[in-house]
Amino acid sequence: MKHIKKLHLVVLCLLFSLQFCQAQILNQKVSMNFHNITLNEAIKKIKSTYAVNFSFSPDQIDVNQKVSLNVKNATLDQALHQLFIPTPITYRAVGNQIVLKKGKAPSSLPTSGVKSISPKPVVKSDTTKKITAVKDTSNKDLSLQVKPLEVHATDSAQAIRELDLSYNKEMTELNTTYLHKKDSVSAASFSNKMKLKQSLKKAKYALAAEYKQIKDSIMYSKKFKTPADSNGLKTDADQMLHDNFQFTGVYPLGTHMETSGLYRNDISLNLLPGYNGAVSGFEFGCVGNIVRKEVQGCQIAGVTNIVGEYTRGAQVAGVVNVCSQEVIGSQVAGVVNVAGGSISGGQIAGAVNIGTEQLDGVQIAGGVNQHNGTINGGQIGFINHARKINGFQFGLINVSDTINGIPVGLVSISKNGYGRIETYYSETTQANMLIKTGVKGFYNIFQFGGNFTPDNYRWTFGYGFGSTIQMSKRSTISFDVLAMHINENEAFTDKLNEQGQLRIMLGLNLSKRVSLFAGPTFNTMFSQYQNADATIGSQMIPEKSIVYKQTFKDNSGKDIYNPYWIGFNAGIRF
């Protein structure tokens, strides 16, 4: 109990420290003076002077607009407020960054100091938006209210999940409120009903706009790039040109010829391999699509899709999808998917999926799933490997460094999971060994056993699965299910001679690595083994242990001996 209290105190201290650090970002003192320069240059000056990182979506923020600022020994919060007064830009502190988004800026600087960050690292819409349909003096309850959307996480993949949950919750509340108010004005005029419905539409529109601004600012903004080099030349980002449509036969024979890499296209069609600067909509290629920067939308190719930066949407290819940075959406390929950054969504491939950073979703492959980062979700494939799993693995072979969940397969190995070797005695085979691999909640079992006498010998091998429950610091209880093949007086018995077993074992830890266990077993056998005296059925079972037995015939009319008995196991576990 003392340790739990200490842990609670540590967590509270960490949360307080995180909140304090984030508040410090906007509260630090700054002095700046510049006149009529671009917003891009202003951001660069602030970043280089005060080590402040900015995050924003270039689709929302015009970094070429002119700004001016003259403050001395003011907080960063006050300086940013003054900087953005003439612009439609608002800002929020998220983690260790300042997130910029499009929105109506306040008209004057507060005189009592600005607190634009909540105690937690939360992204909120700037104010609660109250959408009034039409002024109606007869009924003042016809307006619907939009609450702020919130995001607490600083990690981009986790942030987008929280934002989605907040958005869905608020949209549900809007619909519920609308239905309630609709019922309350059911006796009123038709005009009131229409006003309420119009108010709902406006509220939903405002909520959707707020959702898009926050999502774009947090998830898809690019890292800050220097606006100009030492020679005053424009950077790559400044050279991107917008076009609604482009067509390429085979690069460079297309709409934009050799300059294709400088264009951001809404729609791109490629007969053979095509090349673009960026895509903001839809791209289709009969053979392949190559995009130098990002894709925001859907990309479909007969053979391969290659993206130089991030993908927001979907990549679908007959053979290979490659994205150098994060994927927010999905990759679907006939053979291979590769993502060089985090994934929020899924990868589906006929053969291989490869990921490197965090995955929030599922990898599904007909062959191999390989992920070098953390998976919050699962893997389904013939062979699955991940560094850390918070979820599940389902496949023939599952391998991980750490798993917080369940691996289901023929072989499951976790470096920091559950691995045990048991040697024990049973009433049928006196020398036995079990190998258990997986996690405590679900592990695979490989069984070997035997007994040897001058008159006869038997040996067994089997497979099963089980689960162990920690009852106290030194005691456990395990439930194991095994299926074993019995070989009698020969290297391998090719007749039906199978044993099924349920083991319930109580364990006592002698040390960190050694424990004793014992408990009952519940057994059955299906045997067509013929003994030396011509009787059917294995005779390895002590007759006194049998509680019920029967003989029945299979489809070919041959006898099958089927006894049931209660046994006992005891041994040592390493």
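Everything in the sequence shown is counted per the numbering used here, starting at 15 for the first residue and increasing by one.
All C-beta atoms, glycine included, are put in the ideal place defined by N, C-alpha and C.
For clarity, every value in this text was computed on a predicted model and none was experimentally measured.
### Message
Is it buried or exposed, residue 558, if we count other Cβ atoms within 10 angstroms and call 16 or more buried?
### Response
exposed
### residue 97 versus residue 258 - alpha carbon distance
33 Å
### Task
Evaluate the contact criterion for the region 463 to 473 versus the region 430 to 437: three or more CB pairs, one atom per stretch, below 8 Å.
no
### Among 172, 158, 226 and 183, nearest to residue 196 - alpha-carbon criterion
158
### First and last residue of the uninterrupted beta strand (DSSP E) at residue 450
445 to 453
### Task
Have a look at residue 335 and residue 284 and give me their C-alpha separation to the nearest angstrom.
16 Å
### Query
Which of the three DSSP states, helix, strand or coil, is assigned to residue 356?
coil
### Query
Count the other CB atoms within 10 Å of the CB of residue 500; is the residue buried (16 or more) or exposed (fewer)?
buried
### CB contact flag (residue 392, residue 407, <8 Å)
yes
#### Entry: Alpha carbon of residue 94 to alpha carbon of residue 357, nearest angstrom
33 Å
#### Entry: Among 497, 277 and 581, the one whose alpha carbon lies nearest that of residue 477
497
### Task
Examine the Cβ distances between the region 529 to 537 and the region 502 to 512 and report whether three or more of them are shorter than 8 Å.
no
### Query
Whose CA, out of 418, 442 and 473, lies closest to the CA of residue 453?
418
### Message
Which same chain residues end up closer than 8 Å to residue 364 when comparing Cβ atoms and leaving out the 5 residues on each side of it in sequence?
### Response
347, 348, 349, 379, 380 and 381
#### Entry: With 16 other Cβ atoms within 10 Å as the buried cut-off, status of residue 68
buried
### Message
Between residue 398 and residue 409, how many whole angstroms is the CB-CB distance? I'm expecting something under 8 Å.
### Response
4 Å
### Task
Output yes or no for whether 8 Å exceeds the beta carbon distance between residue 354 and residue 372.
no
### Query
Which residue's Cα is closest to the Cα of residue 326: 342, 320 and 313?
342
#### Entry: Collapsed DSSP secondary structure at residue 573 in the structure displayed
strand
### Query
Are the Cβ atoms of residue 423 and residue 443 separated by less than 8 Å?
no
### Query
How would you write the range of the beta strand (DSSP E) that residue 97 sits in, first residue to last?
Taken as a continuous stretch (DSSP letters only), residue 97 belongs to no beta strand (DSSP E), being part of the alpha helix (DSSP H) at 90 to 97.
### Query
Leaving out five residues before and five after residue 105 in sequence, what residues of the same chain have Cβ atoms less than 8 Å from its Cβ?
94, 98, 112, 113, 114, 115 and 130
### Query
Hey, would you say residue 579 sits closer than 8 Å to residue 550, going by beta carbons?
no
### Query
Where do the N-terminal and C-terminal ends of the beta strand (DSSP E) with residue 471 fall, by residue?
471 to 484
### Message
Assuming contact is defined by CB atoms lying nearer than 8 Å, are residue 351 and residue 374 in contact in what I supplied?
### Response
no
### Query
Where do the N-terminal and C-terminal ends of the beta strand (DSSP E) with residue 52 fall, by residue?
43 to 52
### Message
Quick check on DSSP: helix, strand or coil for residue 274?
### Response
helix
### Query
Cα separation between residue 306 and residue 42?
39 Å
### Message
Quick check: what's the CA-CA separation for residue 362 versus residue 571?
### Response
48 Å
### Query
Since residue 434 and residue 587 are thought to touch, with beta carbons under 8 Å apart, how far apart are those beta carbons, to the nearest angstrom?
6 Å
### Query
What are the start and end residues of the beta strand (DSSP E) that includes residue 79?
Neither: residue 79 is in no beta strand (DSSP E) and is coded neither H nor E.
### residue 321 beta carbon less than 8 Å from that of residue 309
yes
### Task
Out of 45, 384 and 479, state which residue places its alpha-carbon closest to the alpha-carbon of residue 455.
479
### Task
Would you grab the beta carbon distance between residue 90 and residue 40 for me? Rounded to a whole angstrom, and I think it's under 8 Å.
5 Å
### Message
Between which residues of its own chain and residue 538 is the CB-CB distance below 6 Å, once the five residues before and five after are set aside?
### Response
514 and 578
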